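Working notes, beginning with the structure itself.
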Amino acid sequence: MAKEITSTSEDFNKWYTDVIKKAELVDYSCVRGCVILRPYGFAIWENITGVVDKLLKKIGVENVSMPLLIPESLLRQEKDHIEGFNVEAAWVTCGGGKELSERLCVRPTSEVLFCSHFSQIIESWRDLPKLYNQWCSVVRWEKTSRPFLRSVEFHWQEGHTIHSEHEEAREFTITILNLYADFFRETLCIPFILGKKTEKEKFAGAKETYTVECMMKDGKALQSATSHFFGSKFAEVFEINFRDKNNAEKLVSQTSWGLSTRVIAAIIMVHGDDDGLVLPPKIAPIQIVIIPIFPKREEILKKSNEVFENLKNLFRIKFDASDHTPGWKFAEYEVKGVPIRIEIGPKDVLNDECVLVRRDTREKKKCFIKDLKKNLDTMFEDINKNLYLKALKNMESRIFKANSWNEMVDLLGYGGFIKTLWCGAPVCEEKVKNELGLSSRCMPLKNKITEGVCPVCGKEAITEIFWGKSY
RNA sequence: CGAGGCGUAGCUCAGUUUGGCCAGAGCGCUUGGUUUGGGACCAAGAUGCCGCAGGUUCGAAUCCUGUCGCCUCGACCA
């Protein structure tokens, strides 16, 4: 066996790093915490950005590009914001062989750059809203890093919008959250809990932070996309004001939201199995691979090529005529998570057939070549459905309700989310964190609270909340 | 940043305790041939400043000091 992958049951963390290496998604670079996205890994990201970019443009978001560097004085203007990012900031202190008079921060996020720009270009209510986004990479000096999950440099999109009214901004925060949610469900086949972060867990400088909270196969949580409502918190500091319809001066209301290469970690850990990646068809760099069983036999090569030519404009498809054995290729494309493979061998050529094999279920199916297109379409649909439902089942089976502190303690060993009521007090959240090792994941948007008490302090509860271990 | 583990061939590792026939194995890679419906086989090859820098010693992969990097678990974060 050439490519050994640690099994998920033996060591989930090792399995994860094995998979990303064996599937050739990343390689480690010579800079600590910075990884190289290899062609196959970057292709996944390109497919993700392609879909998300389209969704954003559909609702009127425009792409821009902000500088990589932020002057220290600018970054320091909003107090909560710099506090949140201070420890993980990377600084440029030298340029052109000279010490700089002011340090420049390599952007950890671009709120302040957008703010300072907005303050320049906004004058009238007619200029609003501005719905901006940029695709870029940012740097956060993380102490420990793991590819896709947490790295010093990572790629993402960061959206920044300003609106004339708080209500409109808040609504937009939720619009984006729902856009992310649709993307996770429809494109990535990943289930999630939509919710609001607690004060403790929210973004540095935000008034409210909303999250797409996903559960990995091992029961741990991954905050996979976020959307923040700022109100006028930044607008005040950066003086982003405008004249409203009554000629009164007014501050804008603001949002920001982001989705990073971390979603690739989610894809790996939600769908993957002991044989490697299982990629959702819509973002798989190779959706179909054709494997000829005897690539040197002319009739097989010819038939395979014919199939390839017929499908190549409909799907992202690869024809592998290399001289590896079929068994080697089967395993190789399974590691890489290719959703469907087409086998064409001597028996098939005789009947003008081929064999379709699904990555997610391993199901094999004979198919007449003339019916391929139709069969592939339905198979892709099935795969999409199956991936989502399987992941949903796993998540739901790992959400445990607890009514008391003792029940919470009893549920600790199972791995997953614990759902309780909560009084809203930070001390209770702190206690759960310190004594149970669980952080609050989110307060669900679909809050079904009627009445009850907080299991930590016994006082009246104001919300439902999910607890869990997170990546 | 705290606790632990690890750096030897492209990869996985043996060798380190007890310094000296100790530069090794398997996989991969190259070439040729036979194979091919679940990671094929045979033959012939190529590949190393033993992470890096100092030190101890007649002699260091092996002992000492420093340093860099990686992994796991905490803390912190998307």
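Throughout the first sequence, residue numbering follows my numbering, covering 691 to 1161 in sequence. Ideal placement from N, C-alpha and C gives every residue a C-beta, glycine not left out. These numbers come from a predicted model, not from an experiment.
> residue 842 and residue 724: beta carbons closer than 8 Å?
Replying inline: Along the first sequence, read from residue 1 onward, the residue named residue 842 stands at position 152. Along the first sequence, read from residue 1 onward, the residue named residue 724 stands at position 34. Yes, these two residues count as a Cβ contact at 8 Å.
> Leaving out the 5 sequence neighbours to the left and right, which residues in its chain are closer than 7 Å to residue 966 when beta-carbon positions are compared?
Replying inline: Stepping through the first sequence from its first residue, residue 966 is reached at position 276. Closer than 7 Å at the Cβ level, and outside the excluded window around residue 966, lie 695, 709, 712, 713, 1024, 1025, 1026, 1027.
> Is residue 762 closer than 8 Å to residue 831 when the C-beta atoms are compared?
Replying inline: The residue labelled residue 831 in the question sits at position 141 within the first sequence. The residue labelled residue 762 in the question sits at position 72 within the first sequence. Remark: C-beta atoms of residue 831 and residue 762 do not approach each other more closely than 8 Å.
> Where does residue 754 sit, in a helix, a strand or coil, going by DSSP?
Replying inline: Walking along the first sequence from the start, residue 754 turns up at place 64. Correct three-state label for residue 754: coil.
>> Closest to residue 1138 by C-alpha separation, out of 878, 1145, 1110, would be which residue?
In response: As a working mapping, residue 1138 is identified with position 448 in the first sequence. Nearest option by C-alpha distance: 1110.
> Can you round the beta-carbon distance between residue 1098 and residue 1145 to whole angstroms, since I take them to be within the 8 Å contact cut?
Replying inline: As a first step, residue 1098 must be located in the first sequence, where it is residue number 408. As a first step, residue 1145 must be located in the first sequence, where it is residue number 455. So it is a contact: roughly 6 Å between Cβ atoms.
> Relative to the alpha-carbon of residue 836, which residue among 1019, 705, 814 has its alpha-carbon at the smallest distance?
Replying inline: Taking the first residue of the first sequence as 1, we reach residue 836 at position 146. Nearest of 1019, 705, 814 to residue 836, Cα basis: 705.
> The alpha helix (DSSP H) spanning residue 796 covers which residue range?
Replying inline: Here residue 796 is taken as the residue at index 106 of the first sequence, counted from 1. Looking at the DSSP string, residue 796 is not in any alpha helix (DSSP H); the run it does join, the beta strand (DSSP E), is 788–796.
>> As an exercise, report each continuous alpha helix (DSSP H) stretch of at least 4 residues that is fully enclosed by the region 709–753, in chain order.
In response: Note on the region 709–753: whole alpha helix (DSSP H) runs with a minimum of 4 residues are 729–748, in chain order.
>> Give me the DSSP bridge partner(s) of residue 853.
In response: In the first sequence, counting from the first residue as 1, residue 853 sits at position 163. Residue 853 is bridged to 943.
> Are residue 755 and residue 856 close, meaning C-beta to C-beta below 8 Å?
Replying inline: Working through the first sequence from its first residue, we reach residue 755 at position 65. Working through the first sequence from its first residue, we reach residue 856 at position 166. Not closer than 8 Å, so no.
> For residue 1079, does the count of other Cβ atoms within 10 angstroms reach 16, so buried, or fall short, so exposed?
Replying inline: Position 389 of the first sequence, counting from 1, holds the residue named residue 1079. By the neighbour-count criterion, in which 16 or more other beta carbons inside 10 Å mark a residue as buried, residue 1079 falls on the exposed side.
> Name the DSSP bridge partner or partners of residue 901?
Replying inline: Translated into positions along the first sequence, residue 901 becomes position 211. In the DSSP output, where bridge partners are listed per residue, residue 901 has 885, 916.
>> According to DSSP, simplified to helix, strand and coil, what is residue 785?
In response: As a working note, residue 785 is residue 95 in the first sequence. Correct three-state label for residue 785: strand.
> So, is residue 1049 buried or exposed, given that buried needs 16 or more other C-beta atoms within 10 angstroms?
Replying inline: Locating residue 1049 in the first sequence gives position 359, counting from the first residue. Per the 10 Å Cβ criterion, buried.
> residue 1143 bridges to which residues according to DSSP?
Replying inline: Here residue 1143 refers to the residue found at position 453 when the first sequence is read from its first residue. Answer is 1150.
> Going by other Cβ atoms of all chains shown within 10 Å of its Cβ, with 16 needed for buried, is residue 1141 buried or exposed?
Replying inline: Here the question's residue 1141 lines up with position 451 in the first sequence. Burial call: exposed.
>> Using only the alpha-carbon positions, how far apart do residue 922 and residue 938 sit?
In response: Your numbering for residue 922 matches position 232 in the first sequence. Your numbering for residue 938 matches position 248 in the first sequence. Cα to Cα, the separation comes out at about 16 Å.
> To which residues of the same chain is residue 806 closer than 8 Å at the C-beta, ignoring the five residues directly before and after it?
Replying inline: Working through the first sequence from its first residue, we reach residue 806 at position 116. In chain order, 764, 928 place their CB closer than 8 Å to the CB of residue 806, counting only its own chain and leaving out the 5 sequence neighbours on each side.
>> DSSP three-state label for residue 1070, please.
In response: Reading the first sequence from its first residue, position 380 is the one you call residue 1070. Here residue 1070 sits in helix by DSSP.
> Is it right to say residue 691 is buried, meaning 16 or more other beta carbons lie within 10 angstroms of its own, or is it exposed?
Replying inline: Translated into positions along the first sequence, residue 691 becomes position 1. Caution applies to residue 691, whose pLDDT of 36 falls short of 50 and renders its modelled position unreliable; the model cannot decide the point.
> Closest by CA to residue 981, which one among 945, 963, 1021, 972?
Replying inline: Within the first sequence, the letter at position 291 stands for residue 981. That would be 1021, whose Cα lies nearest to the Cα of residue 981.
> Pairing CB atoms from the region 845–861 with CB atoms from the region 788–795, are three or more of them under 8 Å?
Replying inline: Counting Cβ pairs under 8 Å, fewer than three are found: no touch.
> Which residues mark the beginning and the end of the beta strand (DSSP E) in which residue 1129 is found?
Replying inline: The residue labelled residue 1129 in the question sits at position 439 within the first sequence. Secondary structure note for residue 1129: its beta strand (DSSP E) is the uninterrupted segment 1129–1134.
> Near residue 1066, which residues of its chain fall below 6 Å by C-beta distance, leaving aside the five closest residues on each side in sequence?
Replying inline: Translated into the one-based positions of the first sequence, residue 1066 becomes position 376. Close CB contacts of residue 1066 within its chain, under the 6 Å cut and outside five residues either way in sequence, are absent.
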